Each structure stands twice: as structure tokens, then as C-alpha cells.
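Enquirer: Numbering (UniProt numbering), first residue to last: 1 to 313.
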Ligand SMILES: *[C@@H]1O[C@H](CO)[C@@H](O)[C@H](O)[C@H]1NC(C)=O
Ligand SMILES: *[C@@H]1O[C@H](CO)[C@@H](O)[C@H](O)[C@H]1NC(C)=O
Ligand SMILES: *[C@@H]1O[C@H](CO)[C@@H](O)[C@H](O)[C@H]1NC(C)=O
Ligand SMILES: *[C@@H]1O[C@H](CO)[C@@H](O)[C@H](O)[C@H]1NC(C)=O
Ligand SMILES: *[C@@H]1O[C@H](CO)[C@@H](O)[C@H](O)[C@H]1NC(C)=O
Ligand SMILES: *[C@@H]1O[C@H](CO)[C@@H](O)[C@H](O)[C@H]1NC(C)=O
Ligand SMILES: [Cu+2]
């Protein structure tokens, strides 16, 4: 009888056993493989009254979004239908034991050549929030980019009030000309590259640029609700200030890591960086519109255009 007291009676042991199985289950049962297919192809797009043929994913601009949960496996087949060599980088993903899926051309892989394909297969470990994907060769990332949204594991809540809605806000640039020609000229002359013609929010330059009023991102909101904006700076090189007229936002997550929440009226977001902010809409303001704007921060001698991209809340 000496050992008996430290071992629970058989039925209790069985219970413990099934309880621990139950605890283990969520990892195995709920983590899933999510399949995506990226067809890299040309698409005609018009902004600022200039049309051009540009490299896109699936002909979409704005871009397809990838949505997964922490712990999920992503299985993304990329097929290259254009003349450019290309690779896709999963910006910010830690790639534990899957370094070859990271994506920078000539660093972790040879680029995918015309008519060829490559499958990126990796697991999202210990990260949740907003990251993004972009082409990682030459300047193709100026048109080939999009959000990579990582939700918490199933059944796990955010460590803050559940937002009523979640909206990606992705900053980028529009070139009237082919950005590949811009970088190629810069490399040949040794001069700084010519600047883009506009900044964009979700692919749209907004009404402060000429011939652009109809290309303005508009976010329609309900009063007194909490919206989570998933901000991504996909601009090539520029740090951007962002703010929303008459509103402050609460920063809750930076680069897919939760942070101690704090309120701010303006935030600076560097190229490649992501941050989630909560926006509480005003209780009663029928038909009100507020600017959401971004403009660059620059102190150096590099070429940049001090213009403002605007969207409307
Ligand atoms: C783009 O426009 C050009 C000229 O109008 C046309 O020849 C071409 O087929 C278009 N490309 C696509 C992908 O629609
Ligand atoms: C694509 O990559 C191959 C192999 O690295 C190279 O030989 C070829 O010149 C590249 N093509 C272009 C258009 O850059
Ligand atoms: C994806 O990677 C995982 C982990 O390395 C592996 O078990 C799985 O077989 C791969 N899937 C495919 C379809 O190659
Ligand atoms: C819009 O066009 C006008 C007239 O050509 C020009 O003066 C102004 O600088 C342009 N504004 C922007 C934002 O490009
Ligand atoms: C927004 O802020 C401006 C400047 O502080 C102020 O004049 C205006 O009344 C505010 N509007 C609203 C709707 O709160
Ligand atoms: C808001 O705008 C709609 C459509 O323009 C109009 O019908 C409605 O009367 C407006 N509401 C208020 C309170 O101004
Ligand atoms: Cu990146």
C-alpha cells in the first residue's frame, strides 16, 4: 500500500489521461494547411491618368491577402508567367527550420524563372498579428506585395477588446513608368533613382493628387465601434507618418508581437514595418468624413517627394 497513495486510483488516472489528450488535441486538430496559388502575371492598371502594364499576383491590384492562424502551415504555389525572374519573401515570418522558404532571390533560393513554379511550404510558429509578402528581386516589390494576416489560434482571444472589424491599410507607391526601368537607370548612372509619382493607400493615391479623386480609398464605418487597422508600410524606401483627422489610435501590436497598448495621434512606420492599431469611431457623427493621411519623413539628401496620400474615413 506504500506506493498506492501517490498514484491516483485507476479511474482518476484514466480521466487525467483523457484530459491530457484533450489538451494536446487543439495543436494537432486545429492547425491546418492553407493552400494558396500565386500566378505572377501582367495586368493593365491606371492611376493618375496613366495606364501601364505591371507585374501582379493573379492580375489583382490591390493584391490577394493571405489569412492564416498561428500554428498553421502555409502552402503557396507561385507560378511565373512573366518575363522577369521573381521570388516572394514572407516578410517577418521567422521560418524556423524552413529557411529555404524565406524567399530573397540569390540568398535563400534561385529566382523562379519564366514558365517555372516554386512551392513555399512553412509553418507559422509563435507569431500572430500582421505581416506581409512581397517580391524580393530588383524593384518588383513596388507592385507585387500584399498582407499576410495571422489570427490567434482558434479559441484564443486578442489581449484587447475584440474589434468590430479588421481592415488592412497598406502604404505603397505608384510609378507612372515601369519601376524596373527606374532602378535600372539608377544603377547605370549611379544617381539616386527617380521618385515615384504618388504614395498610395491600398493601391490608391487619393484625392490630393491630380487626376486621382476617383482613386481614393474610403473606409465606411459605424458609430461607436472599434476597428482594427492592420497597417503595413510597403513603400520601397520611405518612412511615413500616418494619422487620422480628429482621432487618436491605440497601438496594440508591432511586427506581429503584442505590445503594451498606448494611444497616439500620429505614428511613424518604416518600410517593411507593420503595426495594428485600434480606432474607436465617434459615437454620433452622421455623414462625417475624416482624412486618413500619410506623408514621408526624410532628413537625408536622397530623392523623395514630399507629397501626401489621403484616404477617407
Ligand atoms: C494591356 O493593354 C494593351 C494595350 O491596350 C493590350 O494589348 C494588352 O492585351 C493588355 N494586357 C492585359 C493583360 O490586359
Ligand atoms: C533570370 O535568371 C537566370 C538565372 O539566374 C538568368 O540567366 C537570366 O538572365 C535572368 N533573366 C532576367 C530577365 O533577368
Ligand atoms: C511541407 O512541409 C512539411 C514540414 O516540413 C512536410 O511534412 C510536408 O510534407 C510538406 N508538404 C508538402 C506537400 O511537400
Ligand atoms: C497638379 O497639377 C497642377 C497643374 O499642372 C500643378 O501645379 C500641381 O503641382 C499638381 N499637383 C500635384 C499634387 O501633382
Ligand atoms: C477636428 O479638429 C479640428 C482641429 O482641431 C477642429 O477645428 C474641428 O472642430 C474638429 N472636428 C470634429 C468633427 O471633431
Ligand atoms: C446623410 O447622407 C445621406 C445620403 O446623402 C442623406 O440621405 C442623409 O439625410 C444624411 N444624413 C444626415 C443626418 O445628414
Ligand atoms: Cu521584406
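Positions of the beta carbon are idealized from the N, C-alpha and C atoms, including for glycine. Nothing here was measured: the structure is a model prediction, and the numbers come from that model.
#1: In the DSSP assignment, find the alpha helix (DSSP H) that holds residue 186 and state where it starts and stops.
#2: Nearest-angstrom Cα distance between residue 72 and residue 312?
#3: Using the C-alpha atoms, what's the distance from residue 241 back to residue 267?
#4: Quick one, which of 167, 47, 144 and 239 has its alpha-carbon nearest residue 180's?
#5: Could you give the DSSP three-state label for residue 74: helix, strand or coil?
#6: Take the Cβ of residue 270 as the centre, count every other Cβ of all protein chains shown within 10 Å, and call the residue buried at 16 or more, exposed below.
#7: Based on DSSP bridge pairs, tell me the residues matched to residue 171.
#8: Please write down, chain order preserved, every residue whose beta carbon lies under 6 Å from a heavy atom of ligand 1.
#9: In the DSSP assignment, what are the bridge partners of residue 37?
#10: Using the Cα positions of residue 40 and residue 84, report the straight-line distance between them to the nearest angstrom.
#11: Could you tell me the distance, in whole angstroms, from the CA atom of residue 231 to the CA atom of residue 185?
#12: If you count every other CB in all the chains shown that lies within 10 Å of the CB of residue 147, and 16 or more means buried, which is it?
#13: Spatial neighbours of residue 171 within its chain, please: CB distance less than 8 Å, with the 5 preceding and 5 following residues excluded, ordered by chain position.
#14: Is the Cβ-Cβ distance between residue 151 and residue 69 less than 9 Å?
#15: Nearest by alpha-carbon distance to residue 167: which of 122, 90 and 227 is it?
#16: Report the CB separation of residue 112 from residue 87 in whole angstroms; it is logged as a contact under 8 Å.
#17: Helix, strand or coil for residue 161, going by three-state DSSP, please let me know.
#18: Helix, strand or coil for residue 290 per DSSP?
#19: For residue 122, which residues of its own chain have a beta-carbon under 8 Å away from its beta-carbon, when the five flanking residues on both sides are left out?
#20: Would you say the beta carbon of residue 285 comes nearer than 8 Å to a heavy atom of ligand 5?
#21: When DSSP labels each residue in this structure, what does residue 26 get in the three-state scheme?
#22: Give me the Cβ distance between residue 221 and residue 250, rounded to the nearest whole Å; I'm assuming they're in contact under 8 Å.
#23: How far does the beta strand (DSSP E) with residue 146 in it reach, from first residue to last?
#24: Using the C-alpha atoms, what's the distance from residue 194 back to residue 324?
#25: Count the other C-beta atoms from every protein chain shown that fall within 10 angstroms of the C-beta of residue 56, then say buried if there are 16 or more, exposed otherwise.
#26: Is the beta carbon of residue 52 less than 9 Å from the beta carbon of residue 178?
#27: Closer than 7 Å by C-beta to residue 207: which residues in its own chain qualify, once you throw out the five before and the five after it? Chain order, please.
#28: Of all the options 192, 245 and 265, which has the alpha carbon lying nearest to the alpha carbon of residue 237?
#29: Alpha carbon to alpha carbon, what distance is there between residue 81 and residue 106?
#30: Apart from the five residues just before and just after residue 285, which ones in its own chain have a Cβ nearer than 7 Å to its Cβ?
#31: Which residue from 54, 33, 283 and 44 puts its Cα closest to that of residue 77?
#32: Count the other CB atoms within 10 Å of the CB of residue 35; is the residue buried (16 or more) or exposed (fewer)?
Expert: Short version:
#1: Looking at the DSSP string, the run of the alpha helix (DSSP H) that includes residue 186 is 179–189.
#2: Using only the alpha carbons, I get a separation of about 34 Å.
#3: Straight-line Cα distance between these residues: approximately 6 Å.
#4: Answer by Cα proximity: 144.
#5: Reduced to three states, the DSSP call for residue 74 is strand.
#6: Under this definition residue 270 is an exposed residue.
#7: Residue 171 is bridged to 201 and 233.
#8: Residues with their Cβ less than 6 Å from any non-hydrogen atom of ligand 1, running along the chain, are 42, 43, 44 and 53.
#9: Partner residues in the beta bridge of residue 37, as assigned by DSSP, are 77.
#10: Straight-line Cα distance between these residues: approximately 10 Å.
#11: Spanning the two alpha carbons is a distance of roughly 31 Å.
#12: Using a 10 angstroms sphere on the CB of residue 147, the tally of other CB atoms reaches 16 or more, which defines it as buried.
#13: Apart from the 5 residues on each side of it in sequence, residue 171 sits with its Cβ closer than 8 Å to the Cβ of 199, 200, 201, 231, 232, 233, 234, 235, 240, 242, 269, 294 and 309 in its chain, given in chain order.
#14: Result yes, Cβ atoms of residue 151 and residue 69 sit closer than 9 Å.
#15: Each of 122, 90 and 227 was checked against the Cα of residue 167, and the nearest Cα belongs to 227.
#16: About 6 Å separates the beta carbons of residue 112 and residue 87, which is inside the 8 Å limit, making them a contact pair.
#17: In this structure, residue 161 counts as coil in the three-state DSSP scheme.
#18: Three-state DSSP puts residue 290 in coil, outside helix and strand.
#19: 73, 74, 90, 93, 95, 98 and 101.
#20: Yes, ligand 5 has a heavy atom inside 8 Å of this Cβ.
#21: Its pLDDT being 49, under 50, residue 26 is placed unreliably in this model, and the coordinates cannot settle the point.
#22: The C-beta distance from residue 221 to residue 250 rounds to 16 Å, too long to meet the 8 Å contact threshold.
#23: Here the beta strand (DSSP E) through residue 146 covers 145–151.
#24: The structure shown has nothing for residue 324, since the chain only spans 1 to 313.
#25: Residue 56 is classed as buried because its beta carbon has at least 16 other beta carbons within 10 Å across all chains shown.
#26: Pairing residue 52 with residue 178 gives a Cβ-Cβ distance under 9 Å.
#27: Excluding positions up to five away in sequence, the list reads 213, 216 and 310.
#28: It is 192.
#29: Taking the straight line joining both Cα atoms gives about 20 Å.
#30: Take residue 285, set aside five residues on each side of it, and the residues of its chain with a beta-carbon closer than 7 Å to its own are 223, in chain order.
#31: Ranking the options by Cα distance to residue 77, first place goes to 33.
#32: By the 10 Å Cβ count, residue 35 comes out exposed.
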